[in-house]
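One structure below.
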Amino acid sequence: MTAILNPTGLNTVPPVPRPAPPAADPTPAPAPGPVGPVLELPGAALVPVTHAGRPVGAFVVTGDRVRYRRVVDPDRFVAATTGAFAVAALTAAVAVWSRRRPPAVQTVTMGPGGWLSLRGLPAPHPDHRPWWARLLRAHPLPH
C-alpha cells in the first residue's frame, strides 16, 4: 500500500497491478548474418553489410550494376582526427621551441678569487688612453 498525503488527510491508494512479463520464446531467433535485408528504393536497391553487429557498408544495385559503398566509422574518424591534431600540435611546439633565441649571456660562473666569468660575451675593447686619462675617466671629444 502506498500512502499519499493530500489536503483532506491521509489517503491510502492500492498498488497498481503490473502485467506479468512475457514468457520466453522457446525457439531462439536466428543470428543476424553479415548481409541485411534488401531495401528497395526507386531505381535502386540497397543491401546493408554488417560485421560484429556494426554496419560496414552497403551494396548498391542499380539496373545491371552492383557497387559497394563503404560506411565511414565515426569512432575511427574521431581517432584519426585526434591523432592528426596531436601530431600537428607536437610539430608546432617543436618548431616554436627550436626557434627560441639563446640568452645573451650564456653561463655566469664564479671564478677563483671571487671574480665573475661571463661566457659567450665578446672580449672588452682595448683601451688606448694614457694612464692618467683612465685614472680621471676622461674620454676624447667626438669629432
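If you count the sequence shown from 1, you need to add 214 to reach the working numbering.
By construction, the Cβ of each residue, glycine as well, lies at the ideal position given by its N, Cα and C atoms.
On a predicted model such as this, the values are computed, not experimentally measured, just so you know.
| task | Spell out the partners DSSP gives H265 in its beta bridges. | result | As DSSP reads the structure, H265 sits in a beta bridge with R268.
| task | For L355, name the three-state secondary structure that DSSP assigns. | result | DSSP places L355 outside both helix and strand once states are collapsed to three, so it counts as coil.
| Rounded C-alpha distance that separates V185 from V274 | There is no way to answer for residue 185, as the model of the chain reaches only from 215 to 357.
| message | Assuming contact is defined by CB atoms lying nearer than 9 Å, are V285 and A272 in contact in what I supplied? | response | A Cβ-Cβ contact shorter than 9 Å links V285 with A272.
| message | Among G277, P228, R268, whose alpha-carbon lies nearest the alpha-carbon of G250? | response | With distances taken between Cα atoms, G250 lies closest to R268.
| task | Following the continuous beta strand (DSSP E) through R284, name the residue where it begins and the one where it ends. | result | Annotation for R284: the continuous beta strand (DSSP E) segment containing it runs 279-284.
| field | Whole-angstrom C-beta distance between D341 and R348, which should lie under 8 Å | value | With a Cβ gap of about 6 Å, R348 and D341 count as contacting.
| task | Give me whichever residues DSSP pairs with L253 in a beta bridge. | result | Per DSSP, L260.
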